[in-house]
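Sequences listed follow chains A and B, in order.
Convert by adding 39 to the 1-based position in the first sequence; the result is the number in the working numbering.
Convert by adding 39 to the 1-based position in the second sequence; the result is the number in the working numbering.
Using N, Cα and C, we set each Cβ at its ideal position, and we do this for glycine too.
Remember, predicted model here, so these are calculated numbers, not experimental data.
2 protein chains.
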Amino acid sequence: MDPAELGHLAYYERLVLKIKEQIVRGVLQPGDKLPSVRDMARSEQLNPNTVAKAYKQLELDGVMEVQPGRGSFIAQRPRKMSQTEKVELKNRFDALVVTATAQGVDEATLKTWLAAHFEG
Amino acid sequence: MDPAELGHLAYYERLVLKIKEQIVRGVLQPGDKLPSVRDMARSEQLNPNTVAKAYKQLELDGVMEVQPGRGSFIAQRPRKMSQTEKVELKNRFDALVVTATAQGVDEATLKTWLAAHFEG
DNA sequence: TACGTGTACTATACTAGTTAGTACACTTGG
DNA sequence: CCAAGTGTACTAACTAGTATAGTACACGTA
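See the structure below:
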C-alpha cells in the first residue's frame, strides 16, 4: 500500500499512515528514534507545523512517545485503546464495508483484502 | 451500525451511508422509489441542496438511478466499478486495516468485524 | 396546464487544513 | 555554562469543503 496514492487524505494524515505502516511492517521498531520535526519536514517536503501535527496525532494514537528536548520515539507497545476509540474505529470499518458491499464488492474479495495484511 | 454515531462524517455522507446500508440490508430493493429531494430534506432536517448532493453521490456510485422529472430509484444492479474506483476503495480499506493493526486491533477481531456483515 | 421532479446557480457563513513566521521551554553534548 | 537541537505554542493568511438560503429552470406526468 502506497500512501502516496491516497490523494484524498490530508498531508499530515498521509504521514501518520506512512509511519503506522512502517511500524506494522516492522521497519520501525519500538524505541526507534524518528527524524526531528524539521528534518522530516525537509525530507517530506512539508511544513514543520504539518509534521508536528502528524507526530501529535501519532502520540494521541499511542504509537509514538514524544519527549520534548530529546526527540520522538516509537512506543514500546501501542497504548491500549479506550472503548470509545475502539467503537469509533469499528464504525469506520463498518461504514467502509457497507460502502464496498453496496457497490458490488463481495465477501470473498473483502476477506482476501483483509487476509493479505497477515501473510508472511 | 448507526450512521448517527458517525459524527465525523458530513451530513450528505451520512445520508449516503444510511441509504447504502438500507440497500445492503434489503430494506431498499432495486426499483424502489426514494423520497423526493424536498421530502427527504424535510424528514432528515437537512437543506434540499444537501440531499441533492447525497443523491448525486449515490448516482455517481452507481447504486441509484436518477430520472429528472420522475424521481430517484434504486438501481437494478450496482454499476460495475471501474478499476480506478476499485483501487481507491481498496486503498481506503488497507489504510484502515493498517491504522487498526498499528493501534493493537488483532487479526481475529478484524475478521469478526468483517464476518458480522455477512451473517443471516 | 398545473404539479412534482431533479438540477443549476448565486451568495453567505462556518470549519478544517496548510503554509509561514516567530518564539519559548526543554534536553543534550562540547 | 552554553550553544545546538528538540517538541511545542501562537498568530496570520490563504484554500478548500461543507451547509444553508433563495431563486430559477427543464423535464415528465396526471
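Quick one: grab the DSSP three-state call for residue i.
i      : result
B:S121 : coil
A:E98  : helix
A:V55  : helix
B:Q106 : strand
B:A49  : coil
A:N130 : helix
A:L77  : Here residue 77 of chain A turns out to be Arg, not Leu, going by the sequence shown. Residue state, collapsed to three classes: helix.
A:K92  : helix
A:Q61  : helix
Taking the alpha-carbon positions, what's the residue i to residue j distance?
i      : j      : result
B:R64  : A:L54  : 36 angstroms
B:E146 : B:V137 : 11 angstroms
A:A49  : A:L56  : 11 angstroms
B:Q96  : A:Q84  : 33 angstroms
A:V144 : B:G143 : 27 angstroms
B:I58  : A:D78  : 46 angstroms
Output the boundary residues of the beta strand (DSSP E) element that contains residue i.
i      : result
B:S111 : 110-113
B:Q164 : In this structure chain B extends from 40 to 159, so residue 164 of chain B is not present and cannot be described.
If I measure Cβ to Cβ from residue i and keep anything under 6 angstroms in the same chain, skipping five residues before and after, which residues do I get?
i      : result
B:G110 : K72
A:A91  : V76
B:A93  : Y51, L54, V55
May I ask which residues mark the beginning and end of the alpha helix (DSSP H) holding residue i?
i      : result
B:L153 : 146-154
Can you find the residues in the same chain that come closer than 8 angstroms, C-beta to C-beta, to residue i, ignoring five residues on each side of it along the sequence?
i      : result
A:K150 : none
A:Q68  : I113
Does the beta-carbon of residue i, which I'm using as the reference point, lie nearer than 7 angstroms to any heavy atom of the ligand NAP?
i     : result
A:T89 : The ligand NAP is not among the ligands present in this structure, which contains no ligands whatsoever.
For the structure I just gave you, are there three or more beta carbon pairs, one from the segment 109-128 of chain B and one from the segment 68-87 of chain B, closer than 8 angstroms? yes
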